[in-house]
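So the sequence shown is numbered by our numbering: it starts at 2 and just counts up by one. All C-beta atoms, glycine included, are put in the ideal place defined by N, C-alpha and C. Data first, discussion second: the structure below is written as structure tokens.
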Amino acid sequence: MSKPLVLQTEELDASAAAWLGERCDLVACRVEEPRFAELLARAEGLVVRTYTRVDAALLAGGPRLRVVGRAGVGLDNIDLAACAARGVRVVSTPDANSQAVAEFALALIVDAARPRLMLDRALDAKEWGRLRKELRAPRQLSEMTLGVLGLGRIGARVARMGVGIGMDVVYHDIREIPVDQRMGASSVSLAELCARADVLTVHVDPREANRRLVNTPFLAMCKPTVVLVNTSRGLILDDLALAGFLRRNPKAQALLDVHDPEPFGPDYPLLGLPNAHLSPHIAAATATAQENMSWVVRDVWRVLDGKEPEFPAAQR
Numbered sequence: 002m003s004k005p006l007v008l009q010t011e012e013l014d015a016s017a018a019a020w021l022g023e024r025c026d027l028v029a030c031r032v033e034e035p036r037f038a039e040l041l042a043r044a045e046g047l048v049v050r051t052y053t054r055v056d057a058a059l060l061a062g063g064p065r066l067r068v069v070g071r072a073g074v075g076l077d078n079i080d081l082a083a084c085a086a087r088g089v090r091v092v093s094t095p096d097a098n099s100q101a102v103a104e105f106a107l108a109l110i111v112d113a114a115r116p117r118l119m120l121d122r123a124l125d126a127k128e129w130g131r132l133r134k135e136l137r138a139p140r141q142l143s144e145m146t147l148g149v150l151g152l153g154r155i156g157a158r159v160a161r162m163g164v165g166i167g168m169d170v171v172y173h174d175i176r177e178i179p180v181d182q183r184m185g186a187s188s189v190s191l192a193e194l195c196a197r198a199d200v201l202t203v204h205v206d207p208r209e210a211n212r213r214l215v216n217t218p219f220l221a222m223c224k225p226t227v228v229l230v231n232t233s234r235g236l237i238l239d240d241l242a243l244a245g246f247l248r249r250n251p252k253a254q255a256l257l258d259v260h261d262p263e264p265f266g267p268d269y270p271l272l273g274l275p276n277a278h279l280s281p282h283i284a285a286a287t288a289t290a291q292e293n294m295s296w297v298v299r300d301v302w303r304v305l306d307g308k309e310p311e312f313p314a315a316q317r
């Protein structure tokens, strides 16, 4: 009996790819390659990461598709309704990169609060003393309030880290979070979250209601010195509104790992602002997280083998 054909459009961990390759005819082929359309027409499975858009147009070219595996957490590049209409199951890895992203958010927060410099040459006493004064932090993290917007898998980890450091931690979430799952953080309204947060870290999902959630009215509620961290999705922020806020408030900072679009072009409103610090979507870029995400192949195989997946999108 021939093995089912599965297309892999983006990079997977080698061990996960080898595991699926033992069970399927796994072919790595990017969407832009000339042979993609011919392979898609025969494929029963599709494994993607962040930059493959699975929409009605793509699905129309894959009449035999039975499952789409998203090697990651967010499903904003997957049209779930279009997949459901065609009977295509969607699976993902909901908690694969939570620790990696939380650690990265914490690293950004520490960077903002504690300026530091690594020396690559010997200094005379005058320059040594000058640098020590220039790099003095105005406050310690333990004197600051951490605001967490969204106390989900990642937000809860960041909250716990903040509590562990000694920060006053508050959060806002549209869900009612049981007290024993709040990680020591206090629930507040959105307005109070913005008003109190010295550091405001965003961890909401990319549902349509959250598009441009951080906009002009939102930012007007924030402190003019706020440190805004976004490791969720670029579409959560109104970049024009944020650029204006940063220009008007030079002591504020935005630390952004995600952008809309990605990659951004030279006209990106936040590019070149001295208090906007941009990184290329690397919060989940640890070997462990990327291996964890790649193991979506287990659920891809479960569907192809006629079994129920462990992490179907409908249950998230």
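A straight line joining the alpha-carbon of leucine 6 with that of alanine 285 spans about 28 Å. Isoleucine 79 sits in a strand when the DSSP states are folded into three classes. Scanning its chain for C-beta atoms nearer than 7 Å, with the 5 sequence neighbours on each side dropped, one finds around leucine 247 the residues Ala253, Ala255, Leu274, Asn276 and Ala277, in chain order. Using a 10 angstroms sphere on the CB of isoleucine 175, the tally of other CB atoms stays under 16, which defines it as exposed. In the structure shown, alanine 97 falls within a coil segment according to DSSP collapsed to helix, strand and coil.
The segment 127–147 and the segment 301–316 do not touch, with fewer than three beta-carbon pairs separated by less than 8 Å. Boundaries of the alpha helix (DSSP H) harbouring threonine 289: 288–295, taken from the DSSP string. Counting only residues of its own chain and dropping the five nearest sequence neighbours on each side, alanine 192 has a CB closer than 8 Å to the CB of Met222. Asparagine 211 and leucine 147 have their C-alpha atoms spaced approximately 21 Å apart.
Annotation: the continuous beta strand (DSSP E) that includes arginine 90 extends over 90–92. If you check the CB distance, leucine 40 and cysteine 30 come in under 8 Å. Looking from the CA of lysine 224, the closest CA among Asp240, Pro207, Arg213 and Arg249 belongs to Arg249. From the listed residues Arg36, Ala44 and Gln100, the smallest Cα separation to leucine 305 is found for Ala44. Arginine 133 and arginine 115 have their alpha carbons spaced roughly 12 Å apart. Buried is the label assigned to leucine 76, since at least 16 other Cβ atoms lie within 10 Å of its Cβ.
Per DSSP, the beta-bridge partners of arginine 71 are Val49. The residues Leu60, in chain order, have a CB closer than 6 Å to that of arginine 87 in the same chain once the five nearest residues on each side in sequence are set aside. Residue environment for serine 190: exposed (fewer than 16 other C-beta atoms within 10 angstroms of its C-beta). Per DSSP, the unbroken beta strand (DSSP E) holding alanine 255 starts and ends at 254–257. Rounded to whole angstroms, the separation of the alpha carbons of aspartate 206 and glutamate 34 is 31 Å. Sorting Gly73, Glu209, Leu220 and Ala72 by C-alpha distance to the C-alpha of leucine 236 places Glu209 at the top. Here tryptophan 20 is not near valine 301, since their CB atoms are 8 Å or more apart. Measuring C-alpha to C-alpha distances from valine 159 to each of Leu272, Pro281 and Ala108 identifies Ala108 as the nearest.
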